[in-house]
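Trainee:
Protein chains: 2
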Amino acid sequence: MASASADQILQSLRSDAPHRHFRGREFLVRKRETPHAIWLIEDGWAARFKLLRDGRRHISRFYAPGDLCDLAWLVTESADQSIIALTPVRAARLDRHRLDSRMRIDPAVSLTVARDALAEMRAQAEWLVTLGCKSASEKIAYFLCELYLRLERRGQARDHNCDFPLSQQDVADFTGMTAVHACRTLRDLREAGLIELRRRRLRIIDFVRLARMASFDRDCLPSDAECLPDVGAMAGPRDFPATAMVV
Amino acid sequence: MASASADQILQSLRSDAPHRHFRGREFLVRKRETPHAIWLIEDGWAARFKLLRDGRRHISRFYAPGDLCDLAWLVTESADQSIIALTPVRAARLDRHRLDSRMRIDPAVSLTVARDALAEMRAQAEWLVTLGCKSASEKIAYFLCELYLRLERRGQARDHNCDFPLSQQDVADFTGMTAVHACRTLRDLREAGLIELRRRRLRIIDFVRLARMASFDRDCLPSDAECLPDVGAMAGPRDFPATAMVV
DNA sequence: GCAGCGGATTGACGCAGGTTAAGTCTTGCT
DNA sequence: AGCAAGACTTAACCTGCGTCAATCCGCTGC
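Residue numbers (the working numbering), protein chains in the order written: chain B, 46 to 292; chain X, 46 to 292.
1) Name the chain B residues that come within less than 8 Å of Met166(X), Cβ to Cβ?
2) Could you name the residues of chain X that Asp151(B) contacts, counting a contact when the two beta carbons are closer than 7 Å?
3) Is there contact here, the stretch 144-155 of chain X with the stretch 84-104 of chain B, by at least three beta-carbon pairs under 8 Å?
4) Buried or exposed, going by whether 16 or more other CB atoms sit within 10 Å of the CB of Pro282(B)?
5) Please tell me whether, using a cut-off of 6 Å, the distance from the CB of Arg244(X) to the nearest non-hydrogen atom of the ligand COA is below it.
6) Taking only beta-carbon atoms, is Leu96(X) less than 7 Å away from chain B?
7) Could you name the residues of the same chain whose beta carbon sits closer than 7 Å to that of Glu122(X), not counting the 5 residues immediately before and after it, in chain order?
8) Assuming Thr132(B) contacts Ala181(B) (C-beta within less than 8 Å), just tell me the rounded distance between them.
9) Hey, is His81(X)'s beta-carbon within less than 7 Å of any beta-carbon in chain B?
10) Can you pull the chain X neighbours of Trp262(B), defined as C-beta to C-beta under 7 Å?
11) Counting C-beta neighbours from all protein chains within 10 Å, is the total for Phe188(X) 16 or more, i.e. buried, or is it exposed?
12) Going straight from the alpha carbon of Met46(X) to that of Gln53(X), what length do you get?
13) Under 7 Å between C-beta atoms, does Gly69(X) make it to chain B?
14) With distances taken from CA atoms, which of Ser155(X), Glu71(X), Phe219(X) and Asp204(X) is nearest Ala186(X)?
15) Identify, in the order they occur along the chain, each residue of the same chain with its Cβ nearer than 8 Å to the Cβ of Ser127(B), setting aside the five sequence neighbours on each side.
16) DSSP three-state label for Trp90(X), please.
17) How would you label Thr223(B), buried or exposed, when you count the other beta carbons within 10 angstroms and need 16 or more for buried?
18) If I measure Cβ to Cβ from Ala117(X) and keep anything under 7 Å in the same chain, skipping five residues before and after, which residues do I get?
19) Could you tell me the boundaries of the alpha helix (DSSP H) in which Phe219(B) lies?
20) Per DSSP, what kind of secondary structure is Glu236(X) in: helix, strand or coil?
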C-alpha cells in the first residue's frame with residue numbers, strides 16, 4: 046500500500062525526532078529565514094502567509110495535525126512565506142539536510158515526498174480555481190468542505206463535525222475577502238441551514254448541498270453524475286470548446 | 046549541479062519517446078480521462094483549466110515549451126482538470142507507468158520529480174497570494190513578470206522580450222477577471238509605459254517598476270532591500286504580529 | 001460579579017470590477 | 001485582394017464586496 050508505506054517512512058523519519066512546542070502567535074519560521082527543520086505538526090494549527098507592503102495579508106495554507114510544514118523548504122535556501130502558530134502547537138522536528146540526503150539514497154523516501162508534493166499540488170490547483178472565479182459564499186463553502194474532508198480522512202473528524210480554531214479574520218485572509226464580508230457570508234450559510242459554527246467547532250449540517258453550492262469536485266459526492274455538463278450555453282471561437290467537461 | 050542532472054534525467058526519459066502533434070484547441074487531456082502519458086511540451090503553449098456549471102472557467106496553469114504536463118497525473122487515476130492546446134503543440138510522450146516504475150527504482154528520478162513538484166508548489170503558493178488579495182493591475186503585472194522570467198530562465202526570452210500567444214480572454218481566465226477588464230488593465234499598463242504588447246509579442250519596458258507594482262517577490266529584483274518592511278501600521282491582538290516580514 | 005479586551009455582528013455607503021453592447025482592428029482563408 | 005470570423009477596444013451602467021463605524025457578545029482575570 047502506497048499510503049501505508051508512506052506512513053512508515055514518516056514514522057521512520059520521526060522516530061528519533063525531538064519535539065518542540067510553539068505558543069499561539071509564535072512563528073515557526075519567518076520569511077527570509079533559512080529553515081533548518083521541517084516540522085511534522087502533531088498537535089495544533091498553523092498558517093503560512095504573506096504580508097504585503099500596505100498591510101494586506103494572505104494565508105496560502107493552513108496546517109493541521111499530521112501536516113508537514115513545509116516540504117517546499119527542501120528546494121529553497123530561505124522561506125518565501127512566514128508560518129505562524131494559530132493555536133499552541135507541538136511538532137516533531139525533521140532535520141532538513143538529513144531528509145534531503147535520505148531522499149538521494151532511498152527512492153522510497155523521495156517517492157513519498159514526490160507523492161505528497163504532487164497531491165498537494167492537485168489540491169492547490171483546485172483552490173486556485175476557487176479563489177480565481179468563485180463568489181464569496183462559494184469560496185467559504187468550498188473551504189469548509191475541503192477542510193472537513195481533510196480532517197476526516199485522518200480520523201480527526203467524523204459525523205460532519207470538526208475542530209475549527211480559526212477566527213473569521215483567518216478565514217477571510219485565506220479566502221481573499223474582508224473579515225466583515227466573511228462574517229456576513231458565514232451568517233448566510235448558517236441561515237440557509239448548511240452549517241453551524243460556535244465555540245471553535247464546525248458542524249456541517251448538509252454536506253451535499255454545501256458541496257454542490259461550492260462546486261466542490263470530489264468522488265465523495267453521492268451522485269457524481271449530477272455535476273455533469275449542462276453545457277451548450279458556451280460557444281464562440283477563442284472560447285474553450287463546449288465539449289470540455291465541467292466541474 | 047542539481048539542475049544539470051535534472052536535465053539529464055529528462056533527456057534520458059525522453060530519449061526514445063515518440064512525439065505527437067496537437068492542433069490549436071485540441072485537448073491534451075479531458076477532465077475525467079485517465080492520462081496514460083505525461084507530455085513534455087517541446088513547442089507551443091497549452092493551458093490547464095476547469096469549467097464550472099454556469100460557464101465560468103478558470104485557467105490554473107499555462108504550459109510553455111519545456112514544461113511537463115502534468116506530473117500530478119502520477120498520483121491520480123483521472124485528470125481533475127482539462128488541458129487544451131492554445132497553439133499548435135509538439136510534445137514528447139513519457140509513459141506514465143514507466144516513469145512511475147523508474148521512480149521506484151532510481152532515486153535520481155524520483156528526486157527530480159520531487160524537486161520539480163516542490164518548486165512548482167512554491168510558485169503556485171505565490172500565485173495564490175496574488176489571486177487572493179491583489180488588484181487587477183497587480184495581478185496582471187505579476188503574471189507578466191513571472192511569465193517572462195520563467196521563459197528567460199530557459200533561454201526562450203531575453204532583453205525583456207518574449208512570445209505571448211495568449212488572447213486577452215486567456216489572460217483574464219488566468220488572473221480571475223473578465224476579458225473586458227483585462228483589456229482595460231493592459232491598456233493602463235501600456236499607457237504607464239510599463240509594457241508593449243502586440244502581435245503576440247510581449248516587451249516589458251520597465252521590469253523593475255512592473256515588478257514593484259506587482260509586489261513581485263524575487264531576488265532578481267535589483268534592490269531587495271527596497272521591498273522591506275514599512276510595517277508599523279499593523280497591530281491588534283488576533284492580527285499577525287507586525288514583525289512578520291513583508292513581501 | 002464585574003471590568004476589560006478581543007472577536008463577532010450589523011448598517012450605511014462607496015468603488016473596483018462585472019455586464020452589456022456597439023463598434024474597430026487583425027488574421028486566416030479562398 | 002476581399003471577406004469573414006475572431007480578437008480587441010471603449011463606453012455606460014450595475015453590483016458584490018470593501019470600508020468605516022458603532023454595538024454586542026463571550027471570555028479571562030481579579
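We put the beta carbon where it would ideally sit given N, CA and C, even for glycine.
Please read these numbers as outputs of a predicted model, since none were measured by experiment.
Mentor: On the basis of the coordinates in this document:
1) Leu116, Ala117, Ala162, Glu165, Met166 and Gln169
2) Pro152
3) no
4) Only weak support is given to the placement of Pro282(B): the predicted model assigns it a pLDDT of 48, under 50, and the value that follows is read from those uncertain coordinates. Exposed is the call here.
5) For the structure depicted, the ligand COA is absent and the ligand set is empty, with no information on it obtainable.
6) yes
7) Thr79
8) The pair is not a contact, with the Cβ atoms about 26 Å apart (cut-off 8 Å).
9) no
10) Correcting the residue type first, residue 262(B) is Asp in the shown sequence and not Trp. Under the 7 Å cutoff, chain X gives Asp125.
11) buried
12) Bear in mind that the predicted position of Met46(X) carries a pLDDT of just 42, short of 50, making it too unreliable to give a figure here.
13) no
14) Phe219(X)
15) Phe72, Val74, Arg75, Lys76, Arg93, Phe94, Lys95 and Leu96
16) coil
17) exposed
18) none
19) Gln213 to Thr220
20) helix
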